[in-house]
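Taking it in order: structure first as C-alpha cells, then the write-up.
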Amino acid sequence: MAPTVTSVDASEPKVASIKTVADSDALTYVPSEYTYTMDPNDKGDENDPEHSIPIIDFALLTSASPDERAQMIQKIGKACEEWGFFQVINHGVPESLMKEMIDACRRFFELPEEEKKEFQTRNLLDPIKCGTSFNVAIDKVRLWRDYLKVIAHPEFNSLYKPAGYSEVSLEFSKRTHAVATEILNGISESLGLEADYIAKAMNWDRGLQILAANYYPACPQPDLAIGIPPHTDHGLVTLLIQNDMCGLEVKHNDQWVLVKAAPGAFVVNVGDQMQILTNDKYKSVWHRATVNNTATRISIAVPHGPALDTPALPISELLEKEGEKAKYIGMTYEKFMELQASPAAYMMPCLDHLRVKDN
Ligand code: OGA
Ligand code: NI
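Per the UniProt record's numbering, residue 1 is the first one in the sequence shown, and the count goes up by one each step.
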C-alpha cells in the first residue's frame with residue numbers, strides 16, 4: 001500500500017541525522033546542541049546482580065499444565081507491580097527473525113539522507129515517519145538518536161526500501177503481536193479477570209501497534225549525551241528488542257537499573273494505559289536510553305495500545321474488589337497520544353492530566 005506522505009512544514013528546522021553528525025570526520029566531542037547534563041548521582045547501577053528485571057518463561061505461560069501457567073501469571077502480576085518491566089524468554093519468535101528485523105532497520109538508517117527525506121513527515125499518526133531527536137521543532141537538547149516509526153496494526157504499512165524491509169517487518173509484526181496478545185491475556189488473568197477481558201475492553205483487534213526503531217551511534221562522550229531522556233510509554237504493553245548493545249535503563253526503587261536482557265528475549269514494559277486500567281496497581285515505569293562510546297546500538301520498541309477511539313478507564317471490577325474510587329478520567333488513546341506529543345507535556349508524565357483531583 002502506498003503510504004500517505006505529508007510534506008514537512010517549511011518552518012521546521014532542518015537537522016542532520018545523528019548518524020551524519022556522528023560519522024563526520026573525527027568527531028571527538030558532543031556538539032553543544034546535544035549536551036545533556038546527567039546528574040552524576042543518578043547513574044545506572046550496572047553491577048548489582050540483585051537488580052535485574054524478572055524473567056517470564058513464555059513456554060510455561062502458554063503451557064498445557066494449569067499449575068505452570070498459574071505460576072507464570074502470578075510472576076507477571078508481581079513483575080508489573082514491582083518493576084513495570086520484565087523479560088520474556090522461550091517465546092518462539094526465532095532469534096534469526098529478530099536479527100533480520102534489526103538488520104533491515106540498520107539498512108534503512110544507513111540509506112543516503114536524500115533517500116530518507118520522503119519519510120520525514122511530521123504528524124503524530126502518519127503511518128510512516130522517520131527523523132532525529134524527538135521533535136526538532138521543540139527539543140531543548142537534541143537526542144543522540146534517529147528513529148523510524150511504522151504503524152503495523154490495525155493496518156500494516158511498510159517501506160519499499162531498503163530491500164527486504166517490507167517482508168521481514170510483516171513477519172516480525174505478526175509474531176510480536178501474537179506474543180503481546182498472550183502477555184496482555186496473562187496480565188488480565190493476573191488481575192483476577194477473564195484472560196480476554198482487557199483485550200475486549202480496549203478493542204485490541206483494532207489496537208495500535210507501532211514498529212519504532214531507534215538508532216544510537218557510538219558517542220565520543222556518552223556521559224554528555226542521551227538517547228532518550230526519562231519517559232513512560234503511552235500504550236498498554238511495549239515489547240523491545242535490541243542488537244547486542246545495552247543502554248536501556250529502568251527506574252526501580254529510585255535507582256536506574258541497566259537492563260541486561262538474554263539474547264533473543266523480549267523486554268516488556270507496562271504503559272500508561274495499563275496504569276490507568278489498573279488504577280495505579282501496575283506501574284508505567286520511567287525508563288531512558290543511554291548511549292555508549294563503542295558501537296552503534298539499535299533497538300526496536302513495539303508499543304501496543306488500545307484502538308485509537310477507545311478510552312482506558314479504571315476497571316470497575318477491580319475497583320469493587322479493592323474498594324477504591326477511580327483515580328483517572330477517560331480519554332481516547334488518540335487524544336492521549338496527542339497530549340503526550342504536545343510541547344506542553346514534553347517528556348512529562350501525562351497521567352497527571354487525567355488524575356481525578358479530589359481523590
Ligand atoms: C522507547 C524506548 C528504549 C531503548 O523507544 O520508548 O524507551 O532502549 N526505548 O531504545
Ligand atoms: Ni520507552
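Heads up, the beta-carbon is just placed ideally off N, CA and C, and yes, glycines get one too.
Annotation for Leu248: no alpha helix (DSSP H) segment contains it, though the beta strand (DSSP E) segment containing it runs Leu248 to His252. Pairing Val270 with Ser284 gives a Cβ-Cβ distance under 8 Å.
Taking the C-beta atoms as reference points, Cys219 is found no nearer than 8 Å to Trp286. Within the segment 180–247, the complete alpha helix (DSSP H) segments at least 4 residues long are 197–201, listed from N- to C-terminus.
The shortest CA-to-CA distance from Arg297 to any of Gly186, Val150 and Pro222 is the one to Pro222. Rounded to the nearest angstrom, the Cβ distance from Ile76 to Ser190 is 5 Å, consistent with a contact under 8 Å. Environment of the ligand NI, chain-ordered: Ile228, His231, Asp233, Thr238, His287 and Ala301, taking every residue with Cβ within less than 7 Å of a heavy atom. Cβ contact annotation for Leu159 (same chain, cutoff 6 Å, sequence separation greater than five): Tyr165, in chain order.
If you draw a straight line from the Cα of Phe336 to the Cα of Leu125, it comes to about 12 Å. For the beta strand (DSSP E) assignment, the uninterrupted runs of no fewer than 3 residues enclosed by the segment 124–150 are, from N- to C-terminal side, 128–132.
About 15 Å separates the beta carbon of His231 from that of Gly305, a gap too long to meet the 8 Å contact definition. For the pair Leu208 and Ile151, the CB atoms are nearer than the 8 Å cut-off. Annotation for Val168: Glu100, Met101 and Ala104 place their beta carbon closer than 6 Å to its own, counting only its chain and skipping 5 residues before and after. Secondary structure note for Leu258: its beta strand (DSSP E) is the uninterrupted segment Gln255 to Leu258. Cβ-Cβ distances below 7 Å link Ile329 to Leu354 and Val356 in the same chain, with the five nearest sequence neighbours on each side left out; the list follows chain order. Closer than 7 Å to some heavy atom of the ligand OGA: that does not describe the Cβ of Gln87. Excluding sequence positions up to five before and after Ala22, its CB lies within less than 6 Å of the CB of Pro217, all in the same chain and listed in chain order.
According to the DSSP assignment, Arg288 belongs to the beta strand (DSSP E) that extends over His287 to Ala289. Within the chosen limit of 7 Å, the ligand OGA does not reach the beta carbon of Asn292 with any heavy atom. When secondary structure is reduced to three states using DSSP, Pro311 falls in the strand class. Nearest C-alpha to Thr28 among Thr181, Leu224 and Ile228: Leu224.
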